[in-house]
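Undergrad:
Residue numbers (my numbering): 67 to 175.
(1) List the DSSP bridge partners of residue 63.
(2) How many angstroms separate the CA atom of residue 93 from the CA atom of residue 84?
(3) First and last residue of the beta strand (DSSP E) that includes residue 126?
(4) Does DSSP put residue 175 in a helix, in a strand, or in coil?
(5) Rounded to whole angstroms, what is the Cα-Cα separation between residue 128 and residue 77?
(6) What separation, rounded to the nearest whole angstrom, lies between the Cα atoms of residue 68 and residue 99?
(7) Across which residues does DSSP place residue 168 in a beta bridge pair?
(8) Could you tell me the distance, in whole angstroms, from the CA atom of residue 106 to the CA atom of residue 120?
(9) Taking residue 152 and residue 172 to be in contact with their CB atoms under 8 Å, please state how far apart those CB atoms are, rounded to whole angstroms.
Here it is, written out as structure tokens:
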């Protein structure tokens, strides 16, 4: 029986299904690069999808935070973070309608 059938019939929890799919080599083999978003001028160290899966937040060595529509490939917002070092983590804050983000960088701020 497949993982999805097991899930459908209550034989596999949602969490276990995610773990099995994430670790599935058959799923991984089907992945390929569709296109590249060239929106930063440095190495991208973090990407984060919003909760609806409609935008991507990215942070880079260029110290910018950029929100991109991955389907149209358009930059929606670009902000210089104020960090003095590379951005290593950035996320949309919950309950802010994707209007606020948090980031941290090598400068510790």
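Every residue, glycine too, gets a C-beta built ideally from N, C-alpha and C.
All of these numbers come straight from a predicted model, not from anything done at the bench.
TA: Reading off the structure:
(1) Outside the shown range of the chain, which is 67 to 175, sits residue 63, and nothing can be said about it.
(2) Within the chain shown, the letter at position 27 stands for residue 93. Within the chain shown, the letter at position 18 stands for residue 84. Computed Cα separation, rounded: 12 Å.
(3) Translated into the one-based positions of the chain shown, residue 126 becomes position 60. Where residue 126 is concerned, the enclosing beta strand (DSSP E) stretches over 122-126.
(4) Indexing the chain shown from 1 puts residue 175 at position 109. Correct three-state label for residue 175: coil.
(5) The sequence position of residue 128 within the chain shown is 62, counting from 1. The sequence position of residue 77 within the chain shown is 11, counting from 1. Each residue's Cα considered, the two are about 47 Å apart.
(6) Taking the first residue of the chain shown as 1, we reach residue 68 at position 2. Taking the first residue of the chain shown as 1, we reach residue 99 at position 33. When rounded, the distance between both Cα atoms is 26 Å.
(7) Within the chain shown, the letter at position 102 stands for residue 168. Bridge partners of residue 168: 157.
(8) By 1-based counting over the chain shown, the position of residue 106 is 40. By 1-based counting over the chain shown, the position of residue 120 is 54. Going by C-alpha positions, residue 106 is about 19 Å away from residue 120.
(9) Reading the chain shown from its first residue, position 86 is the one you call residue 152. Reading the chain shown from its first residue, position 106 is the one you call residue 172. With 8 Å as the limit, residue 152 and residue 172 qualify as a contact, their Cβ atoms being about 5 Å apart.
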